[in-house]
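A.B. asks: Residue numbers (my numbering): 2 to 253.
Ideal Cβ placement from N, Cα and C applies to all residues, glycine included.
The structure is given below, and queries will be raised subsequently.
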Amino acid sequence: MDRLLRLLDSQHTEAGSAPPNHPYSPKNIVLSGYRANDATDIQLLLTFALAWTPIFATTWMAMAWYCPRLKLSDRLTVLWFVLCGTLHTFFEGYYLLNHEHMGQSMDVFAQLWKEYALSDSRYLTSSTFVLAAEGLTVVLLAPLSYSMVFLIATSSPYRTTVQIMVCFGHMYSDTLYYATSGLDYYLHGVNHCRPEAYYFWVYYVAMNGVWMIVPAVLLLQAVRRNAQAFAALDRISKSMHTNGQLKMPNGL
């Protein structure tokens, strides 16, 4: 009789009626071999924050040594793009390489991703949108972010053009990220975020919202600089016309 009960219980589990072995939403997603984090959310977030200390300190000292005349606003902008380039390359690059077995892994990056996935479980289910978005971020936005560090440090005339490109890229990908998740919820009733407000407002809204707000400010800054440059050229051109100093090309 005991054997029969165990057999029936096993068939019941295989049929998919057993409770999920994970804390993510929606509950019906299957995460084979999932292992819960052994570090708390506070430990993970502190580890992540402290890891940036030597990176930012090294970048700041390098700017003080190689380009001491750089304005404070430009130095802060360099730190932002160092953050973007490093995060895209290593953290998101890690995700692309390990997304298939993220739920089973227990290294620091995997536990960070599993913690964040409480606000968006698509990161543990190899969502096609997430993979495509993260892939483009690693391939395009990471090198563009690093290139901005060089362009700012050297006062390159290409700075504003590249800044517009990378800022627009961040805002566009973030908009799609919010839109696809929102449409899943409103059109299909699928909620990828746990019901607790903490995961929605802090992880999902605030952490991603930074990549809407800061790029928007830097985008407006770059557009304004381009407008000022073209306005200056227009004034010079009008002045040359007024003073009769405009030289026409040969043959015209």
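For LEU45, which residues of its own chain have a beta-carbon under 7 Å away from its beta-carbon, when the five flanking residues on both sides are left out?
C.D. replies: The answer, listed in chain order, is GLN112, LEU113, GLU116.
A.B. asks: Taking the alpha-carbon positions, what's the MET64 to VAL140 distance?
C.D. replies: The straight-line gap from Cα to Cα measures roughly 26 Å.
A.B. asks: Quick check on this structure: which residue in SER148, LEU188, ALA154, ARG36 has the alpha carbon closest to the alpha carbon of LEU125?
C.D. replies: LEU125 has its Cα closest to that of ARG36, out of SER148, LEU188, ALA154, ARG36.
A.B. asks: What does a CB cutoff of less than 6 Å around SER174 pick up in its chain, not counting 5 residues either side in sequence?
C.D. replies: ALA134.
A.B. asks: Just the C-alpha distance for ASP235 and THR243, rounded to the nearest angstrom, thanks.
C.D. replies: The alpha-carbon atoms of ASP235 and THR243 are separated by roughly 12 Å.
A.B. asks: So is ALA118 buried or exposed if we call it buried at 16+ other beta carbons inside 10 Å?
C.D. replies: ALA118 comes out buried.
A.B. asks: On the CB-based measure, 16 or more other CB atoms within 10 Å of its CB, does LEU152 come out buried or exposed?
C.D. replies: Looking at its Cβ environment, which holds 16 or more other Cβ atoms inside 10 Å, LEU152 is buried.
A.B. asks: Relative to the alpha-carbon of LEU219, which residue among LEU77, SER128, PRO27, THR138 has its alpha-carbon at the smallest distance?
C.D. replies: Selected option, being the one with the closest Cα: LEU77.
A.B. asks: In whole angstroms, what separates the C-alpha of TYR96 from that of MET103?
C.D. replies: Cα to Cα, the separation comes out at about 8 Å.
A.B. asks: For PRO24, collect the residues of the same chain with a Cβ closer than 8 Å to its Cβ; drop the 5 residues on either side in sequence, then sort them by chain order.
C.D. replies: Same-chain partners within the cutoff: ALA37, LEU119, ARG195.
A.B. asks: Rounded to whole angstroms, what's the CA-CA distance from GLY170 to ASP185? Just pull it up for me.
C.D. replies: C-alpha separation (whole angstroms): 23 Å.
A.B. asks: Buried or exposed, going by whether 16 or more other CB atoms sit within 10 Å of the CB of ILE237?
C.D. replies: It is exposed - the Cβ of ILE237 has fewer than 16 other Cβ atoms within 10 Å.
A.B. asks: Anyone know if the C-beta pair for LEU145 and VAL163 falls short of 8 Å?
C.D. replies: Yes; because the gap between Cβ atoms is below 8 Å, this pair is in contact.
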